[in-house]
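For the sequence shown, my numbering assigns the number 1195 to the initial residue and increments by one for each residue that follows.
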Amino acid sequence: MSLKIKLDPSSGVLLKQQLCDELRDAVLTRRIEPGMRLPPSRQLSEVLQISRSTVTEAYEQLLTEGYLESRGRNGTFVSPEIPRPLSEKNSRGKTTKSWENRRISAFGEQLLECPMRGRDANEYDICFYPWRPAFDQFPIEQWSRVLGRCARRVEREALDYATDPLGLPALREAIAGYLARARGITCHPDQVIVLSGYQQALDLVARIHLRERERAVVENPGYVWSRYVLSAAGATVVTVPLDDDGMIIERLPEVSARLICVSPSHQYPTGTCLPLPRRLALLNWAAKRNALILEDEHDSEFRYDGKMIPALKSLDEQGRVIYSGTFAKVLFPGLAAGYLVLPEDLVEYYARARVLTGEQIPYLLQEALAQFIRDNLLDRHIARMKDVYKERKRALLDALASTFAERASVTSTDAGMHLLVQFDTRMNSQEITAAAASKGIGLISTAPCYFGKAKPREFVLGYGDLSERQLREGVKRLAAVIRK
């Protein structure tokens, strides 16, 4: 029997381990068939030019693992009970895959259509991804001190499984206080449920309120993951177009829809803000049709001109609005902390449903976040970041105007952390993205945000995590690859 075994003495891996791996692979891939006799240890050591003890130790290891069996003086053999490999070809020459023979649900089939996350932002020199806050400006020392204090005085309960499905009471109380002063929302801490972010919040809302094929309304264009989360829950997704004032209420379905997902204060990706008349019309529409509204706020805290616009939830007198907030942009996305504010009559349902969705965010992190808010560090950080983002936004606008002039149409709003830019070029969005990547620039097209025909060559340019120097350099590199 001829064995093709490759060993590399310079690899840093023990020769015994290399030989085990090679023999194990040969058995599993049928280069050595079950029941076949292996060369004696002395013979194999001479062929491979390694010590006999190395071969003996490798054989002994594989005997222990069950790949080989010893038959005394007759020698060492491959175990006859090794099963046929999963990837072996069938009688028609096609490779079989075990998962193809398993039952896949409708939800599982939809997973194949759901896109994966994009490339890591750290792969680029300059990345315009809109969801990245200014990591270099985060008060890491303050956060570390708060986290350290909480860790040093941690109580026994924080080491056990969480007992309150709504989240740590101290954090829910801190969130309720923050929303009262920052968003005009008056709520009891018991109406707040702590979650990991908007997608978990939307999934929970959909599973509780939507029956199979019931209608759920989303904005078009809008947050791309909403469509997939709702579809996975079995809903029929209905889209409503936008104009310069956000969702066009008159275009809502004539028949009832159970859920409406809307971002009234800073819509993604357009940045529009729903004016008061439309907010009231939306609430009336929902009341007449017994619908719920899921209000998504992700970065509306960063408003640079004028006073903060109160949340839609602050106008809700009939318990129609479920408010969703997150700390991903006001602090950092790695915290994975968000929340819902529920109508009072829904709290018990959500508390019981939350028990079924897995464990809580670690209580230690919840306690640290609660302390961070109580110490007024969150409010001070947001106030400081408004000035930082305002300057970065100005730098990006100036760079686009001076570099592209009429070759770029820019939509700018007085809130958030991104601009909407449409380039005047014969290149398509994919070509622009690829050309930018070749120059170390990360770009996000708005095409996935549209349900139907998308605007050509339109991009979201985030400026949150880029310095003014990086913004100017990024625009310069874009101009070099985007042809007229």
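C-beta atoms are modelled at their ideal positions from N, C-alpha and C, and glycine is treated no differently.
Straight across, the Cα-Cα distance linking I1244 with E1251 is about 12 Å. Cβ atoms of V1582 and A1328 come within 8 Å of each other, at about 6 Å.
Judged by their CB atoms, A1593 and K1670 are nearer to each other than the 9 Å cut-off. R1663 and W1419 have their alpha carbons spaced roughly 32 Å apart.
Nearest Cα to T1430 within the set P1333, R1421, E1349, E1538: R1421. Per the C-alpha coordinates, the member of N1478, P1359, Q1385, L1353 positioned closest to A1368 is Q1385. Membership of Q1664 in any beta strand (DSSP E) is not indicated; the residue belongs instead to the alpha helix (DSSP H) covering 1662-1675.
E1351 is classed as exposed because its beta carbon has fewer than 16 other beta carbons within 10 Å across all chains shown. When DSSP states are grouped into helix, strand and coil, N1414 belongs to the strand group. Taking A1356 as the centre and dropping the five residues before and after it, the same chain places the C-beta of E1553, Q1554, Y1557 closer than 7 Å to its C-beta, in chain order. Within the model, the alpha-carbon separation for Q1212 versus P1274 is close to 23 Å. Pairing L1222 with Y1253 gives a Cβ-Cβ distance that is not under 9 Å. Listed in chain order, the non-local C-beta contacts of T1640 below 8 Å within the same chain comprise P1415, P1463, L1614, A1648, K1649, E1652, F1653, V1654, local neighbours out to five positions each way being set aside. Taking a contact as a CB-CB distance under 8 Å, the pair D1490 and S1508 does not count as one, their CB atoms being some 15 Å apart. For C1214, the enclosing alpha helix (DSSP H) starts and ends at 1209-1222. Contact between G1440 and L1404 fails: their C-beta atoms lie close to 23 Å from each other, not under 8 Å. In this model, E1349 and V1388 are separated by some 20 Å (Cα to Cα). Taking a 10 Å sphere around the C-beta of T1466, we find 16 or more other C-beta atoms and assign the residue as buried. With respect to V1399, L1488 sits close: the two C-beta atoms are nearer than 9 Å. Counted as a single uninterrupted DSSP element, the beta strand (DSSP E) harbouring T1605 occupies residues 1602-1605. Below 8 Å, enough C-beta pairs join the region 1493-1505 and the region 1602-1613 to call them touching: three or more. One Cα belongs to A1505, the other to V1423, and the distance between them is close to 24 Å. Looking from the CA of G1229, the closest CA among D1219, A1374, F1271, I1454 belongs to F1271. In this chain, T1466 is not harboured by any alpha helix (DSSP H), its DSSP state being neither H nor E. When DSSP states are grouped into helix, strand and coil, C1381 belongs to the coil group. Taking every protein chain shown into account, the CB of F1301 has fewer than 16 other CB atoms within 10 angstroms, so this residue is exposed. In the DSSP assignment, Y1533 is bridged to V1388, G1519.
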